[in-house]
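Following: one structure in structure tokens, then a few remarks.
Number of protein chains: 2
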Amino acid sequence: MGRRQDLVDTALRLFYEHGIHAIGINQVLQEAGVAKQTLYNHFESKDSLVEAAVEHRDNLFFDWLETRMNSRPAGREALMEMFDAVHDWFNNRVPTLHRFYGCFFINTCGEYSDPEHPVHKRCAAHKARVFELLKVHARDVCSSETEAEELANALFLLKEGAIVKAHVEGDLDAALKAKAIASRMISPH
Amino acid sequence: MGRRQDLVDTALRLFYEHGIHAIGINQVLQEAGVAKQTLYNHFESKDSLVEAAVEHRDNLFFDWLETRMNSRPAGREALMEMFDAVHDWFNNRVPTLHRFYGCFFINTCGEYSDPEHPVHKRCAAHKARVFELLKVHARDVCSSETEAEELANALFLLKEGAIVKAHVEGDLDAALKAKAIASRMISPH
DNA sequence: CTTGAAGTAGACAAGTCGGTCTATTTTTAA
DNA sequence: TTAAAAATAGACCGACTTGTCTACTTCAAG
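Okay, here's the thing in structure tokens:
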């Protein structure tokens, strides 16, 4: 599989579960079974490993969500599928995404609050990417671009809110509640 | 003001801006201008200082929000005021809450993912408290308890989503967008 | 078979971590 | 005024931090 990917996989898993500053490079190396020099052969610093982990998570998450939404008929059903998908995620039915510890990008921005930091920017880029995916599907049920933008925004806020509620409060049904609210927003009823 | 409160204030400010694991006890001491032994006189460990900081932020935030909502006529206007309040927060017009770095409780749960950890529990308790506040005001515009619960839930998700969008993506109008969506949910139009 | 790249273990550096301890000074109250 | 309480500076502890360096091994391609 390659040492580099081993490092990124292990780093992501540990960073996601415990936060980035709580995890030392030595722990990543030990759990990945890789020598220290190999890490600094592939990455110039811990920060660049962090960036790689964020990028990896971006692809992992986005591809999964896109596939799930595209697996349903275009329009209303595809949009609703997003909530079913994150519901599965919250309830640990998506091994690809690891156990649920909230949103890795939200958590990471909590540790990199400076919006100009490369890591923060990458997290923002991920959210923008997901928002675009939502907009694509929103257009299928809206008669104008403005309307699609507004619907995508509403669904996005509900989804983010559900992630937070599920993680902070441990509400495993947060996604279903968000879905019920979203359902009323998408015509036709 | 008391050394204890100096420590809690300083710790909260630093934890909020940089994350908890990124801030060492020595930095808190230096910026608070307090000796190390004094800290361990008031707190038995860093973790208990963290708990105190979370508790302090809970009161700071809740009292502020409650006051703002209660300053408006009961019902629809009080509910809408929540979005204006967080809009001011996002745009750094609430000195009490410091500069905006997202939600301290969400960020903190990103570093304390174990739901049984006292710090995580305190964050969950804060969110539950805010939810109850929302429910109180939702009852004023709803004809049944079930309806009030559902409305409060929708507004809560929109608010949490807006916080995330404002912080991660730097969208300073996220609260106003959430408000527009919420507005359509509250009868009478 | 050889050569060079890639990986290994582990010592090492310079600094920080949370936390303890001592010895001294300041503050508070009787 | 005096005695107790609280705060101070700073040494110290062992463990851990990111990152560098050396010396040795594994492995693949020509």
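Sequences listed follow chains D and S, in order.
Per the working numbering, the very first residue in the first sequence carries number 1; after that it's consecutive.
Per the working numbering, the very first residue in the second sequence carries number 1001; after that it's consecutive.
Virtual Cβ for every residue (Gly too), placed ideally from N, Cα, C.
For residue i and residue j, I'd like the C-alpha separation in whole angstroms.
{"i": "Q5(D)", "j": "G1002(S)", "result": "51 Å"}
{"i": "E44(D)", "j": "L14(D)", "result": "19 Å"}
{"i": "H18(D)", "j": "H1056(S)", "result": "24 Å"}
{"i": "H189(D)", "j": "S183(D)", "result": "Annotation note: pLDDT 49 at H189(D) (below 50); position unreliable, coordinate value reported separately. Whole-angstrom Cα-Cα distance: 8 Å."}
{"i": "I186(D)", "j": "R1099(S)", "result": "36 Å"}
{"i": "K1177(S)", "j": "A32(D)", "result": "44 Å"}
{"i": "A1011(S)", "j": "L7(D)", "result": "33 Å"}
{"i": "A1035(S)", "j": "V119(D)", "result": "35 Å"}
{"i": "Y1040(S)", "j": "T1108(S)", "result": "22 Å"}
{"i": "K121(D)", "j": "L158(D)", "result": "22 Å"}
{"i": "D1173(S)", "j": "N1092(S)", "result": "12 Å"}
{"i": "Y101(D)", "j": "G1102(S)", "result": "18 Å"}
{"i": "S1071(S)", "j": "Q30(D)", "result": "56 Å"}
{"i": "S226(D)", "j": "K179(D)", "result": "The requested residue 226(D) does not occur in the structure, where chain D is confined to residues 1 to 189."}
{"i": "I1025(S)", "j": "I25(D)", "result": "21 Å"}
{"i": "L49(D)", "j": "S1048(S)", "result": "31 Å"}
Report the residue from the options whose alpha carbon sits nearest the alpha carbon of residue i.
{"i": "D171(D)", "options": "K1127(S), A1035(S) and R1139(S)", "result": "K1127(S)"}
{"i": "I1023(S)", "options": "E1111(S), T1096(S) and H1056(S)", "result": "E1111(S)"}
{"i": "F1156(S)", "options": "S1144(S), H1137(S) and R1057(S)", "result": "H1137(S)"}
{"i": "I1020(S)", "options": "E1116(S), R1072(S), K1046(S) and K1036(S)", "result": "K1046(S)"}
{"i": "L151(D)", "options": "H117(D), G75(D) and R122(D)", "result": "G75(D)"}
{"i": "V1164(S)", "options": "V28(D), A53(D), A124(D) and K179(D)", "result": "A124(D)"}
{"i": "L1134(S)", "options": "T1010(S), D1058(S), A1078(S) and S1071(S)", "result": "A1078(S)"}
{"i": "N153(D)", "options": "I1181(S), V1168(S), S1071(S) and C1142(S)", "result": "I1181(S)"}
{"i": "E1132(S)", "options": "G1033(S), L1029(S) and E1066(S)", "result": "E1066(S)"}
{"i": "P1115(S)", "options": "D173(D), A52(D), H42(D) and A166(D)", "result": "A166(D)"}
{"i": "V141(D)", "options": "N26(D), P73(D) and F104(D)", "result": "P73(D)"}
{"i": "E1051(S)", "options": "V1168(S), N1070(S), N1026(S) and H1117(S)", "result": "H1117(S)"}
{"i": "F1104(S)", "options": "S1071(S), S1143(S) and V1054(S)", "result": "V1054(S)"}
{"i": "E1160(S)", "options": "D1173(S), I1106(S), S1113(S) and S1071(S)", "result": "I1106(S)"}
Apart from the five residues just before and just after residue i, which ones in its own chain have a Cβ nearer than 8 Å to its Cβ?
{"i": "L1097(S)", "result": "L1060, F1061, W1064 and W1089"}
{"i": "A139(D)", "result": "The question names Ala, but residue 139(D) is Arg in the sequence shown. Excluding positions up to five away in sequence, the list reads E145 and A148."}
{"i": "R1129(S)", "result": "D1058 and F1062"}
{"i": "E169(D)", "result": "none"}
{"i": "S113(D)", "result": "H120"}
Within its chain, find whatever has a CB closer than 6 Å to the CB of residue i; leave out the 5 residues flanking it on each side and keep chain order.
{"i": "A175(D)", "result": "F83, V86, H87, F90 and A162"}
{"i": "V94(D)", "result": "D88"}
{"i": "H42(D)", "result": "R4"}
Which first and last residues belong to the alpha helix (DSSP H) in which residue i is found?
{"i": "T1146(S)", "result": "E1145 to V1168"}
{"i": "T67(D)", "result": "K46 to N70"}
{"i": "P946(S)", "result": "Residue coverage of chain S in this structure runs from 1001 to 1189, which leaves residue 946(S) outside it and unanswerable."}
{"i": "S187(D)", "result": "That residue, S187(D), is in no alpha helix (DSSP H); it is neither H nor E in DSSP."}
{"i": "V1094(S)", "result": "No alpha helix (DSSP H) holds V1094(S); DSSP gives it neither H nor E."}
{"i": "V8(D)", "result": "R3 to H18"}
{"i": "L277(D)", "result": "Past the edges of chain D, shown from 1 to 189, lies residue 277(D), and the structure says nothing about it."}
{"i": "L79(D)", "result": "R76 to F90"}
Going along the chain, which residues of its own chain have a beta-carbon closer than 7 Å to the beta-carbon of residue i, five neighbours each way excluded?
{"i": "R1068(S)", "result": "E1081 and A1085"}
{"i": "T38(D)", "result": "R3"}
{"i": "T28(D)", "result": "For the record, residue 28(D) in the displayed sequence is Val; it is not Thr. These residues qualify, in order along the chain: L7, T10, A11 and L14."}
{"i": "Y1016(S)", "result": "H1098, Y1101 and F1104"}
(request) Residues of the stretch 1140-1169 of chain S with a CB closer than 9 Å to any CB of chain D: list them in chain order, please. (result) Within the stretch 1140-1169 of chain S, the qualifying residues are E1150, N1153, A1154, F1156, L1157, L1158, K1159, E1160, G1161, A1162, I1163, V1164, K1165, H1167, V1168 and E1169.
(request) Using a Cβ-Cβ cut-off of less than 8 Å, give me the residues of the stretch 91-102 of chain D that come near chain S, in sequence order. (result) From the stretch 91-102 of chain D, only Y101 and G102 have a Cβ closer than 8 Å to chain S.
(request) Return the residues of the stretch 1046-1061 of chain S that lie within a Cβ-Cβ distance of less than 7 Å from chain D, sorted by chain order. (result) Result list empty, no residue passes.
(request) Could you list the residues in the stretch 109-136 of chain D with a C-beta less than 7 Å from some C-beta on chain S, going in chain order? (result) Cβ contacts with chain S: C109, G110, E111, S113, P115, C123, A124, K127 and A128.
(request) Report the residues of the stretch 1170-1184 of chain S with a CB closer than 7 Å to any CB of chain D, ordered along the chain. (result) Listed by position, the residues of the stretch 1170-1184 of chain S near chain D (Cβ gap below 7 Å) are G1170, K1177, A1178 and I1181.
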